Amino acid sequence: MPGVQTHMDYYELLSVSRTASADEIKSSYRKLALKYHPDRNKEPGAAEQFARINEAYAVLSDPEKRAHYDRFGSAPGAGMPGGDPFGGMGGVGFDPMDIFEQLFGGLGGARGGRRGPARGDDIETEARVTLLQARAGEEIEVEVDRLTTCEHCHGGRTEPGGKPPRTCPTCGGMGAVRAQARTIFGVVETQQPCPTCRGEGQTIEEPCTVCKGRGRTLKAERVSVKLPRGIDEGYRIRVAGRGHEGPGGNGDLYVHIEMEPHPDLRREQEHLIYTAKIGFAKATLGGEITVPTLDGPQAVEVKAGTQHGELHRLRGQGLPRLQGAGVGDLIVEYEIAVPKPGQLTPEAREALHAYARAVGDEVNEHREGFLGKVGKIFRGE
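Residue 234 in the UniProt record's numbering sits at position 234 of the sequence shown; the count goes up by one each step and never skips.
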């Protein structure tokens, strides 16, 4: 129909449901924005997809714009003459990098006024750690995406050999402008980032062709992280200076630790637990089992008369105490496995009956099957 404008599905673009929470939307946006960022993805159409993802996030991350979109199927002002669905960010001049940098760490500096060079933002990531790595306090590597100084313009933001930046004509290099608003208390004067230079105090005549005048590019790097001995799930390690670069210094990297499940052992603080399933005969008469430890299989004696749930400690074969001296134990927890009737051979069944008679333990004797009972009925027995 003439005049009808179709809109992309923002929820589908961000791969979230229409009931997704704000945190779920942000998390999905982070992954997709990094995937399609022009500095990392050179495939055809990646830049356009990056812009669409940012457009979707600009709407769904704002409660009012999201509510309007859910009700009418479009962002506020979309399709209207002069309308701007992004409240100043969309339409002509809309730059998806602005949204990306707001979430991942902007250029800093004077965006909020001339307060001096800003430090780069922090980065957060996750690392899965094995019990062996935790025990040894190994050094591991994590891959992060850092905003680093553009190697082409060396952070100058201007194309090498081109025209140098000039003082912003709107704010006179202050990076901020004053505005007056009439309130019930009278006229109030406020200071806001300059709309022309976006708080930088300078305008770029010939932007760098690599970083597009931002002074930084996104770069994948591997960072070494030293694990404290005995590190556990849920702890966070700070690596100073390995966050995003900024004119006032680098941010930090925070690594959230997740423990890799062990196939045989489970952890309880500094102790390791192994559940050993043993049969009735071995529990009664004693024997030997093999226990998987972090140093390899180890033979362990099962004492005669071992009870279900009984514990056996292997001293010092656990993990170092993270916030104290000493080492935990490897605890063997015995579980007596009772065989099901179908698992018993006739010989084993008869041996159990003989044992029961010897100790005076009343048990169910051999029961006839259904066909045997039917046969007795027909025979009149």
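Note that the Cβ used here is the ideal one computed from N, Cα and C, for glycine as well. It should be emphasised that the depicted structure is a prediction, and the values quoted were computed from it without experimental measurement.
Check, Outcome
"With distance defined between alpha-carbon atoms, name the residue in Ala-136, Leu-14, Glu-141, Glu-268 nearest to Leu-294.", "Ala-136"
"Is it buried or exposed, Asn-54, if we count other Cβ atoms within 10 angstroms and call 16 or more buried?", "buried"
"Grouping DSSP H, G and I as helix and E and B as strand, with all else coil, what is His-271?", "strand"
"Distance, Cα to Cα, Lys-219 vs Leu-319?", "36 angstroms"
"Measure the alpha-carbon distance for Ile-257 versus Thr-158 and round it to whole angstroms.", "40 angstroms"
"Please classify Ser-224: is it buried, with 16 or more other beta-carbons within 10 angstroms of its beta-carbon, or exposed?", "exposed"
"First and last residue of the beta strand (DSSP E) that includes Asp-145?", "139-149"
"Counting only the same chain and skipping the five closest in sequence on each side, list residues whose C-beta sits under 7 angstroms from that of Asp-264.", "Tyr-274, Pro-292"
"Between the alpha carbons of Glu-129 and Glu-138, how many angstroms are there, rounded?", "Looking at the sequence itself, residue 129 is Val, so the reference to Glu does not match. Going from the Cα of Val-129 to the Cα of Glu-138 covers about 10 angstroms."
"From Ala-47, Leu-32, Lys-31, Arg-30, pick the residue whose C-alpha is nearest to that of Pro-38; which is it?", "Ala-47"
"Which residues bound the beta strand (DSSP E) around Ala-356?", "Element bounds for Ala-356: not the beta strand (DSSP E) but the alpha helix (DSSP H), 346-359."
"Counting Cβ pairs, one atom from each stretch, are 3 or more of them under 8 angstroms apart for the stretch 197-212 and the stretch 153-168?", "yes"
"Beta-carbon within less than 6 angstroms of Arg-242's beta-carbon, same chain only, minus the 5 sequence neighbours each way: which residues are those?", "Val-223, Leu-253"
"On the premise that Cys-211 lies in contact with Cys-153, defined as a C-beta separation below 8 angstroms, what is that separation, rounded to the nearest angstrom?", "6 angstroms"
"With distances taken between CB atoms, is the gap from Ala-283 to Val-300 smaller than 9 angstroms?", "no"
"For Leu-253, which beta-bridge partners are listed by DSSP?", "Ile-123, Val-239"
"State the Cα-Cα distance for the pair Lys-26 and Arg-18, rounded to the nearest angstrom.", "14 angstroms"
"Would Pro-247 and Ile-237 qualify as a contact pair, given that the criterion is a beta-carbon distance under 9 angstroms?", "no"
"Quick one: what does DSSP say Gly-155 is sitting in, helix, strand or coil?", "coil"
"Just curious, the beta strand (DSSP E) that Ser-224 is in, first and last residue?", "216-226"
"Looking at C-beta atoms only, is the number of pairs between the stretch 348-360 and the stretch 327-334 that lie closer than 8 angstroms three or more?", "no"
"Report buried or exposed for Gly-213, applying the criterion of at least 16 other Cβ atoms within 10 angstroms of its Cβ.", "buried"
"Near Asp-70, which residues of its chain fall below 8 angstroms by C-beta distance, leaving aside the five closest residues on each side in sequence?", "Arg-18"
"Is it buried or exposed, Asn-364, if we count other Cβ atoms within 10 angstroms and call 16 or more buried?", "exposed"
"Pull up the DSSP beta-bridge partners for Val-327, would you.", "Pro-320"
"Here's the rule: buried if 16 or more other CB atoms are within 10 angstroms of the residue's CB, otherwise exposed. What is Glu-12?", "exposed"
"What are the boundary residues of the alpha helix (DSSP H) that includes Leu-60?", "46-60"
"So Cys-168 and Thr-196 are in contact, right, with Cβ under 8 angstroms, and what is the actual spacing, rounded?", "6 angstroms"
"For residue 458, is the classification buried or exposed, using 16 other Cβ atoms within 10 angstroms of its Cβ as the cut-off for buried?", "Because the chain is modelled from 1 through 381, residue 458 falls outside the range shown and cannot be assessed."
"Reducing DSSP to helix, strand and coil, say where Gln-307 ends up.", "coil"
"What residue range is occupied by the uninterrupted beta strand (DSSP E) comprising Ile-289?", "287-293"
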